[in-house]
Structures are given as structure tokens and as C-alpha cells.
Amino acid sequence: MKFNNRNVFISSKARIGENVKIGDNTIIYDNVIIGDNTIIANDCIIGEPGNDYYFNDDYKNPETHIGKNSMIRSHTIIYSDSVFGNFFSTGHRVTIREKSVFGNNCRIGTLSDIQGHVTFGQYCWLHSNVHIGQKSEIGNFVFIYPYVVFTNDPHPPSNICNGPKIGDFSQVAVGTVVLPGVKIGKHCLLGAQSLIGRDVEDYQLVAGNPAKVLKDVRELVSKETGKSHYPWPDNFERGMPWENIGFEKWKKENGYEND
Amino acid sequence: MKFNNRNVFISSKARIGENVKIGDNTIIYDNVIIGDNTIIANDCIIGEPGNDYYFNDDYKNPETHIGKNSMIRSHTIIYSDSVFGNFFSTGHRVTIREKSVFGNNCRIGTLSDIQGHVTFGQYCWLHSNVHIGQKSEIGNFVFIYPYVVFTNDPHPPSNICNGPKIGDFSQVAVGTVVLPGVKIGKHCLLGAQSLIGRDVEDYQLVAGNPAKVLKDVRELVSKETGKSHYPWPDNFERGMPWENIGFEKWKKENGYEND
Amino acid sequence: MKFNNRNVFISSKARIGENVKIGDNTIIYDNVIIGDNTIIANDCIIGEPGNDYYFNDDYKNPETHIGKNSMIRSHTIIYSDSVFGNFFSTGHRVTIREKSVFGNNCRIGTLSDIQGHVTFGQYCWLHSNVHIGQKSEIGNFVFIYPYVVFTNDPHPPSNICNGPKIGDFSQVAVGTVVLPGVKIGKHCLLGAQSLIGRDVEDYQLVAGNPAKVLKDVRELVSKETGKSHYPWPDNFERGMPWENIGFEKWKKENGYEND
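Protein chains in written order, with our numbering: chain A, 11 to 269; chain B, 11 to 269; chain C, 11 to 269.
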């Protein structure tokens, strides 16, 4: 009973790759370009037009690029005018607005809300219910956990829009708010349920409301192993490009020598 | 490919204004009244019946009024027995339960969950993923940011239901919880990620977990301008009725002399 | 206009009980078993297959059991391979992943996200927008309020998955994060907007970020009544099996003598 094209609508101006599968009740709008082997599940809206669509008969939908081998789960809404790399995946009910740019191998969890005008590097994994405000800039291998919010207005309401910047390999734990314009270095760990209002240097653990620098992540001792888990790429490989190679070898061969 | 009436169901007992547009897969139940020029996008449920509908063949759906020039974005669910003013808008996947009353020019962001039995004045702007518990009373020009929760049960679980009251022009920043029955004055700023357990007088900045009064908002100094941004209507006009007029002139002409 | 079977798809391998009603645009996948008198509203996906379904033609969908007299509200997604007791209910847009086990009379609020591999006892009531991570174990009569998150990875990202355990009758207030592996006793009250990082003994009130033990819940004094509301079953009966009987009598007859 899969991919029966029941109540599916695909614009004649969409370009659909080889071996793409599209679920029931899904709508693909004009100028959506979908790479080979991608799966779009049920009840999705891909290439949702901007507001002008509803008021202007001359509206032309900008292009939306979804990479190869991607998996868009049901009830996801993706606006037009965004670019997603290969091996992109979403959970259910994800909303992604215009001018979002994602590198390869990114994952966005159920209910996450990407407000548009954002950039993500490669291998960013967002868990469920993450909210990324406009003008956020996220590096590579950044993982963001449920109910994290990235903000951008220092004096609400104002006309300033200044999102956070997050360095490669940093982790943002559950329920944490990152305030406008805050810059987070590489390999940081932002603790759960924190309020992050100041810039954070590389390799720092910060936590609390308001957050304070607690220590270098390399000094954290795991109860389970008796040594530090961080830098985490030394101890976590599943789904990462250094799987079965090791981070040390991989990083030298891939331009991350200094990480 | 817009408004093709694919898989649309509109009750014969609904009253649809002039120039209303309704998207694919949307259902309009009995006794929904939609004002002129309103757009209802795809996959919406408008006038969702109460629980009795499923069990009682004599169920009569209460009226639902949606004002003129409104925009209901896709996947929104609005229960019957609510009233929305003109120029109302929702983001995606908004849920609004029965006996909600909204003035003109209100906006409700993606994923927000309005539990019903609430009142909002005019020009209330709710960002994404706001949760408003029953019996909340919100004034005019109140802006509420993502992941804010308004609660109503002081001793969970109990039979007491006592929501917060929020005065005109107040701002509730991201991730903040307002506890049951708390009264917030006019022109207040409730800081991000706070827990608000006590009443707050007009013009106060409160923040923290638990929240404390920090200062008068008029004493806050903006990094960008070197002076206070508050009262914000003096410095923010976009979409407001004082746009191109100025707040000082507008308020004298519109009954807000004391604000 | 209810239950017209408009755009409904039910697998021939599903087993649907007597007097079951299914709303528009709903999909029921293979090997879903639905008890008598249950209502599935519009736009639901029941028995959503696991990831292999999309890649393996030999995929066989595991069984999904939904009990009698249940109510699944619109836009709910329930994966296959879970078991729900009788009188189960969901709000709108609930997502429940595989290997979730719920006892009788459980309720899951709008937007809640159950990540799978979890167990719930009977009469657990989850309000809106609750996130339950994998490997959580929840007892009986546990109520969880909006924006609560249960986590399971102590050193993100790692391969450890160790969810919280919550004892019977405990209450988790709004916006609270429970950290991995934390054990909460019976009849506890976890205060709003808290970060719970340590085990909690029976009958304790804990709150704050980080949370501290504040007092025995039986010593809390209600403003409304001048005495403690806790243990709450002595003061709250609506929908509970001790309604019109009283908790004291009921617990002796039902194996909760020590509660």
C-alpha cells in the first residue's frame, strides 16, 4: 500500500529525479527539484510558496533543491527557496521556511521549526522540537537537542535580527535558549536548560540560568568510563564520516587538522 | 495550482464570504462563518466540533467566526465556538480550542496551542510554539515569544483553573513560564527562560528562575543605541496602527493617553 | 458530515473492531488491530511502518494494538509495534514511535512526542507538548505537564540510552527537564521549569535549576484551603477510578495499600 499516488499533486514545473517515491496526499509545488532516490512520505508540502503567491497572480515560485538519497517524513512543510544537501532527512511535522541552506547529511527531528534565512554546515543533527530563529549560522557536526531555541531580537520587539553562531562539533543540550548574536566556539557543550547570553570559547562547558563557564569539556569525567567523553568525535562514530576510520585519521585527511 | 478544490469539504451550513479562497484537503464544519477576502490554506480543519459530536447524533456545532482579510496557514485546527477579529493570521499547525476570543489584527505562530476559554485584545502577536492555558486574559499589543507557557493549576492536579492576566504592551520573552493567576502590568518585559510566580507592576523588567524584579524597563540601555528601547511603541512601528504616525500622537487619539 | 470515508485508506490486513469510526484522509497500515467503539479522527496515520518499509519489499509491519473505547484525535501519527490499553486518548498531532506500551486509561496531549521504547502504567495523563525519550519507565497515575522533556543520553552524543523512571502518583510540572537515568519516587512533585539531575525519594517536592529538595509534599500549604493538597488523590477524583469512592477505600481494594 505504499506510493499509490492517492491524492498526490505534483506541479508540472517540478523536476523529480530517478527512483523518487512520493506518499499519499503530498503536494509538490512549482520549481521543486528533487534528487535521485529520495523519499517524500505522506501529507507533505514541498516548495510551499511565499506569502505573495496568495495575492499576486504573477508570482513565480523560487527553486527548492532537495538532495539525493533524502528522506522527508510525513506532515513536513518545506517552503520554496531553500537548498538541502544529499542524505537530508526530516522527522514528522517539520517546518522549514525560505532561504535555509543545509549541507550534506543533515537531520531535522520531528516538530522542529526552522525560521528561514539560516545556514547549516554538514552533518548537523537536530533532535525533536528545535526552534532556529532567522540569521542563525551553524557550523559542521553540530548536534542540537529537544526544545532548544535560538533567538535573534535583543530588545523585543525591534527591527534588529542577529542570530547566534555555533562552531563545529558543538553540542547544545535539551531546553537551552541561546540569546541573540551569541558566538559559540568549537567543541563546546552547552548544558541542559541553560540561558546562554555570552560568547563561549572553544572546548568550554557552560551551563545554568544564567549560564556560566564551568570547565574545559576535556576535563569532564564520565561516570561510566572514568575519563572524558569529549572531544566527542573520539568516542562517537555512528553515522559519522569517521566511522570505522577513527576521528584522528579522518580529521587529518579532511581539513579538520586543528580540531 | 492554487485553490483547485481538490479534496475540499465545506459544510452546507457554513457561510463563506466574498473572495474567500480555500486550499486543498481542508474541511470546514457546520456553522463556520468566514469574512470576505480570507484565505484558508491546505490541510486545515475549521470549526472542529467538540467531543459530543462523536457521541451524540443531535450535536449542533456552535458558530465559529473568522474575520475579514485573515490568513490561516496550512495544517491549522480551529475548534468551533470561537471568535477571531479581522486581519487574523496563523502560522502552520496551530491548534485553537473552543471559546477563544481574539480582537482584530492578532497573529498566532506555527505550532502554537491555544487551549480555549481565553481572551486576547487587539494586535497580539504570538510567535511559534506558544502554549496558552485556559482562563488566560491577555490585553492589547502583547507579544509572546517561542516556547512560552501560561499555566492555570496551582496544585496539579486540582479543580482550580486560574490563568495569568497580561497588561497592554507587555512582552513575554522566549521560554518563560507564567504561573497560575499571576497578574502582569502594562509595558512589562518578562525576560527569557524565566519562571514568573509573582505579580508584576507596570513597566517592570523581571527575569530569572525564580524571577525577580530587575529594574524599570525605561532604564534599560540598548547596546545598539545607548538609550532605552522601552516603552517599545516609541521605537517599533512595523505593522502597528501608529506606523507613520508615531505612538505619541496615536495614543492620544485612541484612548491610550495613560500609556 | 462525519465519517464519510472520504479519502480513507484501510489496509486489508488491519483488523477493525465493532462500531469503530474513522475520519477523512486517515490511513490505517497493515496489522493494526483496533478495539471496539474506538474513534480515529481525520488525517491520522495509524501503524506507520518503520524505516525498512521504504527500502525492503519483504518488510512485514509489526502489530499495533489500540484498545477499546479509545479516541485518537486528528493529525496523530502512531507507529506500528506499540500497544495501547482501553480508553486511550490522544490530542491532535501526537507522534508515538515503536515499542511504546501504555496501560489502560492513558491520555496524551496535543503535540506530544513519544520517542518509543517506553512503558507507561495505567491512568497516565500527559498534557500538551510533552517529550518522552526512549527507555523512560513511567508508573501509574503519573501526570506530566506541557513542555516537559525526559532525556536519556548523559554525554551527548553517546551510545548510552538510559531514561528516567517515575514512580506512581508523581507529578511533573510544566517546562521541567528530567536528566538521564534519574529515579523519581512515588507521590513526588517536580516543580515548574526545573532541571532534575538527582534521584528523588517518595513524597518529595523538588524544584529549581538545578533542582533541590524543598520539603515533603504533605507539608505544602495551599493558599486556597490552608492545608496540603498532597497526596493529591485524597483531593482529586475527576476521571480517576476512585471517583465517588474515595482514594482511601479504593487503594485498599486495589493493591495500593502502601500509597
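Even glycine gets a Cβ: it sits at the ideal position worked out from N, Cα and C. Just so we're clear, the structure is a prediction, and the values are computed from it rather than from any experiment.
Query, Result
"Residues, ordered as in the chain, of the stretch 112-127 of chain C that lie near chain B by beta-carbon distance below 9 Å", "GLY119, THR120 and LEU121"
"Same chain, Cβ closer than 8 Å to VAL210 (chain B), five either side skipped, listed in chain order", "VAL192, LYS193, ILE194, GLY195, CYS198, LEU200, VAL216 and VAL223"
"Below-8 Å beta-carbon distance, ASN14 (chain B) vs any chain C residue", "no"
"Residue nearest to PRO72 (chain A) in terms of C-alpha spacing, selected from A:ILE37, A:PHE257 and A:GLY57", "A:GLY57"
"The stretch 122-133 of chain C in contact with the stretch 146-158 of chain C per 3-pair CB rule at 8 Å", "yes"
"Coil, strand or helix - GLU58 (chain C) by DSSP", "strand"
"Members of the stretch 210-221 of chain B near chain A, C-beta cut-off 8 Å", "GLY218 and ASN219"
"Beta carbon proximity, ARG25 (chain B) to chain C, threshold 8 Å", "no"
"Assumed close pair PHE13 (chain B), ILE37 (chain B) - CB separation to whole angstroms, cut-off 8 Å", "With 8 Å as the limit, PHE13 (chain B) and ILE37 (chain B) do not qualify as a contact, their Cβ atoms being about 15 Å apart."
"Cβ of PRO166 (chain A) within 8 Å of any chain B Cβ", "yes"
"Cutoff 8 Å: HIS102 (chain C) Cβ touching any chain B Cβ", "yes"
"Segment contact, 8 Å Cβ cut-off, at least three pairs: the stretch 59-76 of chain A with the stretch 49-56 of chain C", "no"
"For LYS225 (chain C), three-class secondary structure by DSSP", "strand"
"Nonlocal neighbours in the same chain, by C-beta distance under 8 Å from ASN66 (chain B), ignoring five residues either side", "none"
"Validate contact between the stretch 218-233 of chain A and the stretch 134-146 of chain C using beta carbons, cut 8 Å, 3 pairs", "no"
"Alpha-carbon to alpha-carbon, PRO251 (chain C) and VAL158 (chain B)", "33 Å"
"C-beta neighbour in chain C for LEU189 (chain B), strict 8 Å", "yes"
"Chain B contacts from the stretch 32-58 of chain A (Cβ-Cβ distance under 8 Å)", "ASN35, ILE37, TYR39, ASP40, ASP53, ILE55 and GLU58"
"is_contact[LEU205 (chain A), chain B] using C-beta, thresh 8 Å", "yes"
"LYS225 (chain C) to LEU136 (chain C) span [Cα, whole Å]", "25 Å"
"Backbone CA spacing between LYS262 (chain A) and ASN96 (chain A) [nearest angstrom]", "23 Å"
"C-alpha gap between GLY207 (chain A) and VAL188 (chain A), whole angstroms", "7 Å"
"Sub-8 Å separation of ASN17 (chain A) and ASN17 (chain B) beta-carbons", "yes"
"Beta-carbon gap between GLN181 (chain C) and PRO166 (chain B) smaller than 8 Å", "yes"
"Rounded C-alpha distance that separates THR100 (chain B) from VAL111 (chain A)", "25 Å"
"Host beta strand (DSSP E) of PHE112 (chain C) (start-end)", "110-112"
"Beta strand (DSSP E) runs wholly inside the stretch 184-264 of chain A, at least 3 long, in chain order", "214-218 and 221-226"
"Cutoff 8 Å: TYR157 (chain B) Cβ touching any chain A Cβ", "yes"
"Burial state of THR86 (chain C), where buried means 16 or more other Cβ atoms lie within 10 Å", "buried"
"Residue-chain proximity (TRP242 (chain A), chain D), Cβ-Cβ < 8 Å", "The structure shown has no chain D; the protein chains it does contain are A, B and C."
"Integer Cβ distance of PRO243 (chain A) from PHE153 (chain A), believed to fall under 8 Å", "Wrong, their Cβ atoms sit about 11 Å apart, outside the cutoff."
"Buried versus exposed call for GLY177 (chain C) [16 or more other C-beta atoms within 10 Å across all chains shown]", "buried"
"Amino acids of chain B, ordered along the chain, whose beta-carbon sits closer than 7 Å to that of VAL184 (chain C)", "VAL159, THR161 and VAL187"
"Below-8 Å beta-carbon distance, GLN132 (chain A) vs any chain C residue", "no"
"Every unbroken beta strand (DSSP E) inside the stretch 105-140 of chain B [3 residues or more]", "110-112 and 128-130"
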